[in-house]
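Encoded as structure tokens, the structure appears first; notes follow it.
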Amino acid sequence: MAGGALTTHVLDTMHGKPARGMRLELHYVHGDHTHHLVDSYTNADGRVDQPLLSDQFQHGEYEIRFHVGQYFERLGVENDTPFLDVVPVRFTISEDKHYHVPLLVSPFAYSTYRGS
Numbered sequence: 001m002a003g004g005a006l007t008t009h010v011l012d013t014m015h016g017k018p019a020r021g022m023r024l025e026l027h028y029v030h031g032d033h034t035h036h037l038v039d040s041y042t043n044a045d046g047r048v049d050q051p052l053l054s055d056q057f058q059h060g061e062y063e064i065r066f067h068v069g070q071y072f073e074r075l076g077v078e079n080d081t082p083f084l085d086v087v088p089v090r091f092t093i094s095e096d097k098h099y100h101v102p103l104l105v106s107p108f109a110y111s112t113y114r115g116s
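Per full-length UniProt numbering, residue 1 is the first one in the sequence shown, and the count goes up by one each step.
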């Protein structure tokens with residue numbers, strides 16, 4: 001659908017900076033299963049270099065899986081009691097607009113919202 005796009009941005013709230021090098025996956029949700037669409041990593045600004053969806057943009061339910069545990073482990077964050085590993089954010093695209101789904105994350109908490 002023309003005019004629509006999906007982007008994301010990850011901020012590391014533990015260190016107060018963009019989450020560089022975090023792996024993420026985009027899945028299309030279809031009933032009780034998902035279809036893998038994209039695998040990507042965040043850049044130095046905590047963003048992906050290209051929209052997660054643009055040419056394939058269509059209405060429906062999606063899930064971005066942020067590999068938070070792997071990110072903090074790679075940074076050498078010592079954690080005797082790991083809590084977050086893969087953070088799934090499931091949302092619905094229902095308009096032909098730009099959807100921005102940011103993630104603010106630490107080893108123990110996260111939040112998200114529909115950005116602009």
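We put the beta carbon where it would ideally sit given N, CA and C, even for glycine. The structure displayed is predicted, hence computed values, not measured ones.
Taking the alpha-carbon positions, what's the residue 115 to residue 109 distance? 19 Å
On the criterion of 16 or more Cβ atoms from any shown chain inside 10 Å, does residue 44 qualify as buried, or is it exposed? exposed
Taking only the alpha-carbon atoms, compute the straight-line gap between residue 46 and residue 89 and give it to the nearest angstrom. 17 Å
Considering only residues of the region 59-95, which uninterrupted alpha helix (DSSP H) runs meet the minimum length of 4 residues and lie entirely inside it, listed in chain order? Taking only runs of at least 4 residues, the alpha helix (DSSP H) segments lying wholly in the region 59-95 are 68-74.
Counting C-beta neighbours from all protein chains within 10 Å, is the total for residue 67 16 or more, i.e. buried, or is it exposed? buried
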